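Okay, structure first, notes after.
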Amino acid sequence: MNNPRQHTRHGLTAEYRNADIHLSSRVLCETPLSLAVEKSAQLCALLFLASDNAESGVFGDLNPEIQNRVLSLAAGLAHETLVLSELATQCEANAQVA
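Our numbering puts the first residue of the sequence shown at 74, with every later residue one more than the last.
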């Protein structure tokens, strides 16, 4: 497939080109730090729910596939938070140099 196929909705773009899928999102009126804070809050909420369900035994009763998806979602949020935090640090360092 040489012609890329692309679809955008609500600031999220999915592009399919040569058996690769690229997802990109556009977040208006945010800074890397404010978005990292938001992603961190989402991760905290997800882990709170998972932990609360684990303590009550509900999480362990879930299908292993669902457990893996919850953990994968948490790992993805953690990775996004890390990258955004690093970008915020770079932006701050560049601002201090300028």
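Glycine is no exception: its CB is placed at the ideal position from the N, C-alpha and C atoms.
The structure presented is a predicted model; accordingly, all values stated were derived computationally and were not measured.
In terms of alpha-carbon separation, which member of the options lies closest to residue i?
i: A92; options: Q79, L119, G84; result: Q79
i: A109; options: C164, Q169, L157, D125; result: L157
i: L144; options: T154, L155, F132; result: F132
i: L96; options: P105, G84, C102, E111; result: G84
i: E116; options: E159, L155, Q163, E103; result: Sequence check: residue 116 is Leu here, not Glu. The shortest Cα separation from L116 among E159, L155, Q163, E103 belongs to L155.
i: S98; options: E128, A147, T86; result: T86
i: K112; options: T81, E153, N126; result: E153
i: L160; options: R82, P77, S107, D125; result: S107
When you compare only the Cα positions, how much space is there between residue i and residue j?
i: A171; j: E165; result: 10 Å
i: L119; j: A147; result: 7 Å
i: N167; j: P105; result: 14 Å
With 16 as the cutoff for other CB atoms within 10 Å, does residue i come out buried or exposed?
i: L150; result: buried
Secondary structure at residue i, three-state DSSP: helix, strand or coil?
i: A151; result: helix
i: R142; result: helix
i: L108; result: helix
i: L160; result: helix
i: V100; result: coil
i: A171; result: coil
i: L122; result: helix
Would you list the one or two residues that DSSP bridges to residue i?
i: L116; result: Looking at the DSSP assignment, L116 forms no beta bridge with any residue, so it has no partner.
i: E88; result: Q79, H95
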